[in-house]
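Here is the structure we will look at, set down as structure tokens.
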Amino acid sequence: MSRVYVPWYQRKEIVETYESWYQGPEGERMDRLEKATLRALLEPMQPKSLLEVGSGTAHFTRWFASELGLKTVGVDLSSLMLTEARKYWDGPLVQADAAALPFRDRSFDVVAFITSFEYMPDPVRVLREAGRVARTGILLGLMNRWSAATVRRRVQELFGKTPFFGNAHFYSLPEIKKLLQRALGDRITEIRWQSTLFPKGFPWQTARLPFGNFLALAVHLREVPHG
Ligand SMILES: C[S@@+](CC[C@H](N)C(=O)[O-])C[C@H]1O[C@@H](n2cnc3c(N)ncnc32)[C@H](O)[C@@H]1O
10 MSRVYVPWYQ
20 RKEIVETYES
30 WYQGPEGERM
40 DRLEKATLRA
50 LLEPMQPKSL
60 LEVGSGTAHF
70 TRWFASELGL
80 KTVGVDLSSL
90 MLTEARKYWD
100 GPLVQADAAA
110 LPFRDRSFDV
120 VAFITSFEYM
130 PDPVRVLREA
140 GRVARTGILL
150 GLMNRWSAAT
160 VRRRVQELFG
170 KTPFFGNAHF
180 YSLPEIKKLL
190 QRALGDRITE
200 IRWQSTLFPK
210 GFPWQTARLP
220 FGNFLALAVH
230 LREVPHG
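To convert a position in the sequence shown, counted from 1, into the numbering used here, add 9.
Here you go:
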């Protein structure tokens, strides 16, 4: 009899340790560089409000709200992740699937996905849904397919050494750009991107080279008039 696959974010013992990813010297470096990259891409969009989809423990959600001053809402599929998030943040959190967001058209300036889009089985539908809810842009933070860290992740997964990536799809820059065009086409006015978390010893920590462990894209959208 085959076993039912349970993703890690539906497993209490894993969810309860999730925030530890951002602790210790390596976790703190990751946190600092990812936030600096996201901030640089977000600033030109000048958002006032943001919906984070796949908000997890609200690690970035609370940063968007408190550090960047955005009116922020988090959405996650997993009730366990939402329960964990409430230990860290008392802002608005909603349980929903990224493919069917319970918000009206253009409710937020920006819709963000930080290492969550990889877990979504119908990416075109999810991007169209984000485009429906977003007024001016979509922010994506991805575990880059073209990185040493993802090679390591895939090997670990192959040998059953990690519970984290069994249902994840890793995107490269060309693949995600193609998907964005397919989902949102003419609505896209510009795509800006950067990557960070290069291997130690690399001369830059953030660069427009598509090989960093964390690949971030700001997708600028043409505003659609109401009505
Ligand atoms: C790696 S965690 C990222 C959490 C947070 N954004 C961060 O970077 O710390 C991925 C999150 O995506 C959520 N998720 C997976 N599929 C989803 C879906 N279809 N709709 C909404 N959330 C989803 C999971 O429950 C999990 O909390």
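Quick reminder that beta carbons are idealized off the backbone N, C-alpha and C, glycines included.
Just so we're clear, the structure is a prediction, and the values are computed from it rather than from any experiment.
- For G33, the distance from the CB to the nearest heavy atom of ligand 1 is not below 8 Å.
- If you look at G146, you'll find it in the beta strand (DSSP E) that goes 143-152.
- Between F122 and V62, the gap from beta carbon to beta carbon is short of 9 Å.
- Restricted to the region 16-47, the alpha helix (DSSP H) segments that are unbroken, complete and at least 4 residues in length are 21-24, listed in chain order.
- Short of 8 Å from the beta carbon of F207, and not among the five residues preceding or following it, lie these beta carbons of its own chain, in chain order: W213, Q214, A216, L218, F220, G221, N222.
- For L86, the shortest C-beta to heavy atom distance toward ligand 1 is below 8 Å.
- Burial state of D131 is exposed, judged by a 10 Å Cβ sphere holding fewer than 16 other Cβ atoms.
- Counting other Cβ atoms within 10 Å of its Cβ, T198 stays below 16 and is therefore classed as exposed.
- For G140 against L230, the beta-carbon gap comes to about 6 Å, under 8 Å, which counts as contact.
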